[in-house]
Structure formats: structure tokens, C-alpha cells
Amino acid sequence: MEIALESRIPTYSGGLGILAGDTLRSAADLEIPMVGVTLASRRGYFLQEINNGSQVERRERWDPEEHAQALPAKGSVTIEGRTVWISAWLYVIKGMGGFRQPVILLDTDVAENTPEDRKITHHLYGGDQAYRLKQEIVLGIGGCRMLRSLGFNVDVYHLNEGHSALLTLQLLLRSAYPRESLMPGESPYDIFGVRERCHFTTHTPIEAGQDRFSYDLVNRIMGNIIDQGVLERLAGSNELNMTRLALNMSEYQNGVAKRHAETSEKLFPGYRVSAITNGVHTFTWANSPLAKLFDNNLPGWASEPELLMRADYELPDDELWESHNQAKSELLRNIYRLTSVEMDPELPTLGYARRITPYKRPDLLFSNLDRLRDIARRQPFQVVLAGKAHPRDEAGKRAIEFLHQTISELKGDITMAFLPNYNMASALTLVSGVDVWLNTPQPPLEASGTSGMKAALNGVPNLSVLDGWWIEGHIEGVTGWSIGNGDAGDYARDADSLYDKLDQVVLPLFGQRDEWLKVMKGTISRNASLFHSHRMMRRYAAEAYMR
Ligand SMILES: *Cc1c(COP(=O)(O)O)cnc(C)c1O
-6 MEIALESRIP
4 TYSGGLGILA
14 GDTLRSAADL
24 EIPMVGVTLA
34 SRRGYFLQEI
44 NNGSQVERRE
54 RWDPEEHAQA
64 LPAKGSVTIE
74 GRTVWISAWL
84 YVIKGMGGFR
94 QPVILLDTDV
104 AENTPEDRKI
114 THHLYGGDQA
124 YRLKQEIVLG
134 IGGCRMLRSL
144 GFNVDVYHLN
154 EGHSALLTLQ
164 LLLRSAYPRE
174 SLMPGESPYD
184 IFGVRERCHF
194 TTHTPIEAGQ
204 DRFSYDLVNR
214 IMGNIIDQGV
224 LERLAGSNEL
234 NMTRLALNMS
244 EYQNGVAKRH
254 AETSEKLFPG
264 YRVSAITNGV
274 HTFTWANSPL
284 AKLFDNNLPG
294 WASEPELLMR
304 ADYELPDDEL
314 WESHNQAKSE
324 LLRNIYRLTS
334 VEMDPELPTL
344 GYARRITPYK
354 RPDLLFSNLD
364 RLRDIARRQP
374 FQVVLAGKAH
384 PRDEAGKRAI
394 EFLHQTISEL
404 KGDITMAFLP
414 NYNMASALTL
424 VSGVDVWLNT
434 PQPPLEASGT
444 SGMKAALNGV
454 PNLSVLDGWW
464 IEGHIEGVTG
474 WSIGNGDAGD
484 YARDADSLYD
494 KLDQVVLPLF
504 GQRDEWLKVM
514 KGTISRNASL
524 FHSHRMMRRY
534 AAEAYMR
């Protein structure tokens, strides 16, 4: 549903899209032939402004004409009995060796369609259930047809999250044997044949991340494109569950970290869910002062991120500190420009940025303000926050208001800022410019998390709840620090653990420059050398695509 191509092209909302983009960027570098398919999302997700401490959603737009090339092919799908035409734009991701990786952006905003249908591909995660289903018909069925009319000869389909699962119905239709060759009661579809060519990655154990549609809605909008009995067996008997459809139609399925794969197996009993832990595209996510440092000391790091494992021996302390402080000044300048908050470059700076929603517990650090003040009185630090809440996530929006109230309440005691409109560009300055990257989700709901990997790549250690990738990346005091013991949902105990770690371990260590630099180098050599998307991509190729 989303692919982050560039910061100024709003075809993404967050981690899922960034990962899809990093996947394709690594495939391009590794010259693994793939084609990405997503929606054009001409009106993007939304631009976040903060007004009196509340999120305000501003319209966003982009013109594919300016960044992509119009393709001559046209496809169509049937929606509510009407033909909806789909045009395609080509965006090319260029790999380091010049390899060109195509991404197809599907667009229903064409003159042949009704004004209503022209909007189907406009708003990423906008509209109601009916709108979402129409988008998923365009993405799955339309995308599959578009690939064929463009002449792509696809071996394996990788369903990146359940949104695209309707493509399996199109493959079933294509596989159907003619009625006259069937025995009575025999299904015409080659389910096994289709399943062998599909592979599914689940990205979230959260209910809201999984689309379900009532069969009334499905029949009204999509029609009865395949036998209802077969559809119910594959997608659920009460409603069409996109995750279930994807699971049933894929030969291989994976979660995005080891813990997430285990959680997913519990959530979907009877299915075997493997784990391919996420990674980030090294070249994209190293801020330029760090990239220069790596160029000088670890040449070849971008095409072979494993070389970063030598960081603790090869990176001179003074140069690493200087590069980090350049990234930090850039961040502090941005904070001042966007929020008028002046931060102190000498003070340890905590960063927290992600989609703001209750299970991510953005309030954990602020659950006991007296204790936080007391820590800051003895060991001053500052905090920068960022993140959007989905426009219909009322609890998420209230959390943003709470964060702003907290910023005012702590004024004079702790300098804090909320950087509006978290996106790829601000993420890069945040993950590289803070001193500690904080993550406090409620276990086991963080599927992987990737922002912490980006921080680690830039020499910024994580202070994080033991969930998602951090269970695999964490070595206490070497790559960063844990919060709590990773058990589900003990808010008070996790908060205590966070305060203890800050007070007794993290802030005191920041004052011991040599020891702190050891941890910074530990994050690069032990986290960045492993949690990169080249490793992830090679594993997808070997374990999923070439099965
Ligand atoms: C990396 C990134 C994310 C995902 O990070 P999490 O750790 O999963 O929250 C979300 N949004 C942006 C803009 C990012 O760059």
C-alpha cells in the first residue's frame, strides 16, 4: 500500500513504507530483479502542523508528472459494476552499480473515470471501509493485471502486508481450468500452483493493522469474482480477512523479527511463520557527516554494510565525536527553526519519534514528572519528540496533546521540543542528531521497529523496551540499554526501569566521554553491521523467493 521513494514524495506514512522502499533500494544495489507496485497517492498522507498543542492535518499533494514517467499501458478493474481505468507511472530506483529497479504507481485519476473513481488512489489510508476496499482492489487485482500488460514476467509475488492480498484472487482466476474439463464438485482453481508463487510478510500483531471487510461490502463493491465457497475457505467464513487470505495463499510467510514471528504464530494458530528480521538501507540512513567518516575509515561500507563490524577498531574517537556533533548541530538548528526552542549542544539529548498511538506508550517517560525533574536537576538532559497520529486515531491525537502539555509543564526544568511533521528527512536528522534513541512500546506489540536501527547506524545507542528487533540487537552496555524485561504490559515496572536506567547508567556514562564513545562504536559494529536491508534482502531472496 505504501512505498517511501523520497522524502518529498508522500507515497508513505511510516515504517511499513520506509521498509518497502529500503527493500527495493537494497534489491537495486544487489541487482536482484524486482518490480514494486503501489498506489500513486496523489494527495499523500497528510502534513502535520501543531496548533496550540494539537495536531492539525493539512492537505498534501504531489504530481507524479514531476517525478515519474507516464507509461502507455492502461488497466482496469470492476468496482460496483463499473469499469475503473488505471494508469501507471514509472519511478526508477537506481542502484549503486547503476541497476534500475522499477516501481509502478497505480493511478485512477484519469479522464475516463467518474469523479468519484478518480479519487480512489488519492489518499493513503484515507476514507472509510468501502474506500479502502476499492483501493485494495486497484492495488491487488489492478496491480497484477498491470504487471502483465506492461510485459513483466513475474515468478514470485511478495505480499508486503495483507493490503495486496486480493492479487491472489486474480492469480486464481488466471489459473482456473475450463468448466467443461472439471468433474462434478471439483474446484476450477489451481490453489496449490498459485500458493507456490506467493510469499507473505506480516508486519503487525495489532488488530487495526489487519483489514477485514464484510461479505456484503465485498459483494457490493468487488462482485462475486470467484466462487463464494472457495473465497470463504481462504479468507474467513464471516468476513473477508486480508491477513487470512494472504496466509492461506502463500507458501512461505514471515514476521519481521524473531519475537514477532512467535507472536504471529500465536495470533494465527496452525500457520508456520518464519522470521526475517528487518534492516535499513545503510546508504539512505547514514547522515552525511557519518557517511564521510565511514568513507574515510571503512571504505566499501555502503555496498557491503558488514564492513561496519570493524567500526570499534577503525573509527578514531575524535572523528566520530566530531561527526556526531555535526549531526547534532544540524538537528538543534532544525529544532530552533521549527519550534523556537533553543537546545544546548553540550547536554545529552534523548530522541523519541514514531507514530503516536497508545501501544507505543509515548507517555512512559512522563509517567512520573517529579521523578523526571529530580533526575534532571542532578543530571541535566533535554528531549526531542516527533510523530504523527493517524487522523482517526483519537487516542493518538490526545497523546500528542498530552506531550505538548508536558512540554509546557516541564519548562524551566527540562528543555523539550516537539518537531512537527515527522518524515524521512526529519527522521534522518533526528536519529543521527540525538545522543540516545528511546523506544517504549508495550511488548509484544512492536513488530520490529526500524528507527532504532537507523540511530545505531549513526552511532546513537538505543534505550529501549525489549521487544521487536531490540531483543536481537541489545547487548547491555555494549549496544545500548534495555528497559524492563520484555514481559507484556507492566506499565509501572517499565517506567521505573526507564527512570533507573536513565539516572544510574545512561546519564552518568554520558559524562565519561571515552566510555560513551565505546558504546557509540558498539552500536555501529554490532547493530549496524547486521540490521541492514542488504542482509534482509539476501535472506528474502534465498529463503522466500528462490524456494
Ligand atoms: C524509520 C521510520 C519509521 C519507522 O520507525 P519505527 O521505529 O518503526 O517507529 C516511521 N516513520 C519514519 C518517518 C521513519 O523514517
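Just so we're aligned: 73 in the working numbering is position 80 of the sequence shown, and the numbers increase by one with no gaps anywhere.
Think of the CB as a built atom: it goes at the ideal place given N, C-alpha and C, for glycine as much as any other residue.
Exercise for the section: Just tell me which of SER419, GLY461, GLY445 has its CA closest to the CA of GLU439. Expected result: Checking every option, the nearest Cα to that of GLU439 belongs to GLY461.
Handout entry: First through last residue of the beta strand (DSSP E) which encompasses ASN478
Key = That residue, ASN478, is in no beta strand (DSSP E); it is neither H nor E in DSSP.
Handout entry: For ASP496, the nearest candidate out of ILE368, ILE407, TRP278 (CA to CA)
Key = Among ILE368, ILE407, TRP278, the Cα nearest to that of ASP496 belongs to ILE368.
Problem - Extent of the continuous beta strand (DSSP E) to which ARG51 belongs - result: Element bounds for ARG51: 47 to 51.
Handout entry: Boundaries (first-last residue) of the beta strand (DSSP E) holding GLY344
Key = Looking at the DSSP string, the run of the beta strand (DSSP E) that includes GLY344 is 342 to 346.
Exercise for the section: Flag this pair as yes or no: are the beta carbons of THR472 and ASN432 separated by less than 8 Å? Expected result: The Cβ atoms of THR472 and ASN432 do not sit closer than 8 Å to each other.
Problem - Integer Cβ distance of PRO436 from ALA481, believed to fall under 8 Å - result: In this structure PRO436 touches ALA481 by the C-beta definition: roughly 5 Å separates them, less than 8 Å.
Practice task
Grab me the residues of SER207's own chain with a C-beta within less than 6 Å of its C-beta, minus the 5 sequence neighbours each way, in chain order.
Solution key: Answer for SER207: GLU232, listed in chain order.
Exercise for the section: With DSSP collapsed to three states, give me the class of ARG35. Expected result: Correct three-state label for ARG35: coil.
Exercise for the section: Could you name the residues that DSSP lists as bridge partners for CYS191? Expected result: According to DSSP, which records beta bridges pairwise, CYS191 is partnered with TYR150.
Practice task
Compare the C-alpha of SER69 against each of ARG93, THR107, MET139, ILE11 and name the closest.
Solution key: Measuring from the Cα of SER69, the nearest candidate turns out to be MET139.
Problem - Assumed close pair VAL149, ARG188 - CB separation to whole angstroms, cut-off 8 Å - result: The pair is not a contact, with the Cβ atoms about 11 Å apart (cut-off 8 Å).
Exercise for the section: For PRO309, count neighbouring C-beta atoms within 10 Å of its own C-beta (all shown protein chains included) and say buried if the count is 16 or more, exposed if not. Expected result: Result: exposed.
Exercise for the section: Determine the DSSP secondary structure at ASP100, reduced to helix, strand or coil. Expected result: DSSP places ASP100 in strand when its eight states are reduced to three.
Handout entry: GLY293 (DSSP reduced to helix, strand or coil)
Key = Of the three classes helix, strand and coil, the one that applies to GLY293 here is coil, per DSSP.
Practice task
Tell me whether GLY216 is buried or exposed, calling it buried when 16 or more other Cβ atoms sit within 10 Å of its Cβ.
Solution key: Its Cβ having fewer than 16 others within 10 Å, GLY216 is exposed.
Practice task
Apply the 10 Å Cβ neighbour rule to ASP507 and answer buried if 16 or more other Cβ atoms are within range, or exposed otherwise.
Solution key: Label assigned to ASP507: exposed.
Handout entry: Sequence-distant residues of its chain with Cβ nearer than 8 Å to TYR245 (five each side left out)
Key = If we look at TYR245 and ignore the five residues flanking it on each side, its Cβ neighbours are HIS192, PHE193, SER267, GLU536, ALA537, ARG540.
Practice task
Identify which residue in VAL28, LYS127, ALA320, ARG93 has its Cα closest to the Cα of GLY74.
Solution key: When each option's Cα is compared against that of GLY74, the closest is LYS127.
Practice task
Can you tell me which of the three DSSP states ASN520 falls into?
Solution key: Looking at ASN520 - three-state DSSP - the assignment turns out to be helix.
Handout entry: Inside the segment 251 to 324 only - alpha helix (DSSP H) runs reaching at least 4 residues
Key = You should have 251 to 260, 275 to 278, 281 to 290, 304 to 307.
Exercise for the section: In the DSSP assignment, find the alpha helix (DSSP H) that holds LEU438 and state where it starts and stops. Expected result: Annotation for LEU438: no alpha helix (DSSP H) segment contains it, and DSSP assigns it neither H nor E.
Practice task
Give me the Cα-Cα distance between LEU456 and TRP430, rounded to the nearest whole angstrom.
Solution key: Using only the alpha carbons, I get a separation of about 6 Å.
Handout entry: Spatial neighbours of PRO434 in its chain, beta-carbon cut-off 7 Å, leaving aside the 5 residues before and after
Key = Excluding sequence positions up to five before and after PRO434, its CB lies within less than 7 Å of the CB of TYR352, LYS353, ARG354, VAL458, ASP460, all in the same chain and listed in chain order.
Handout entry: DSSP three-state assignment for PRO108, whether helix, strand or coil
Key = Of the three classes helix, strand and coil, the one that applies to PRO108 here is helix, per DSSP.
Problem - Residue burial classification, LEU164 (beta-carbon count within 10 angstroms, cutoff 16) - result: Within a 10 Å sphere around the beta-carbon of LEU164 sit 16 or more other beta-carbons, which makes this residue buried.
Handout entry: Range of the contiguous alpha helix (DSSP H) that encloses VAL211
Key = From DSSP, the alpha helix (DSSP H) with VAL211 extends over 208 to 214.
Exercise for the section: Identify every residue that forms a DSSP beta bridge with SER69. Expected result: Bridge pairing for SER69: TRP78 [DSSP].
Problem - DSSP state of GLU42 mapped onto helix, strand, coil - result: GLU42: strand per DSSP, three-state reduction.
Exercise for the section: Find out if the Cβ-Cβ distance for the pair ALA320, ASN153 is shorter than 8 Å. Expected result: Against a cut-off of 8 Å, the Cβ pair of ASN153 and ALA320 comes out as no contact.
Exercise for the section: Report yes if the CB atom of GLU(-5) is closer than 8 Å to the CB atom of PRO384, and no otherwise. Expected result: Not closer than 8 Å, so no.
Exercise for the section: Quick one: residues in its chain with C-beta nearer than 7 Å to the C-beta of THR236, no 5 flanking neighbours on either side, listed in chain order? Expected result: Exclusion of the five residues before and after THR236 leaves GLY155, THR195, GLN203 as the residues of its chain whose Cβ lies within less than 7 Å of its Cβ.
Handout entry: Cα-Cα separation between TYR329 and GLY426, rounded to whole angstroms
Key = If I take the Cα positions, the gap works out to 13 Å.
Handout entry: CB of SER322 within 8 Å of CB of PRO341, strictly
Key = No, they are not a contact pair.
Problem - From GLY405, LEU12, ASP220, residue whose alpha carbon lies closest to that of PRO181 - result: Nearest to PRO181 by alpha-carbon distance, out of GLY405, LEU12, ASP220, is ASP220.
Exercise for the section: Quick one: residues in its chain with C-beta nearer than 7 Å to the C-beta of PHE261, no 5 flanking neighbours on either side, listed in chain order? Expected result: Cβ within range, chain order: LEU240.
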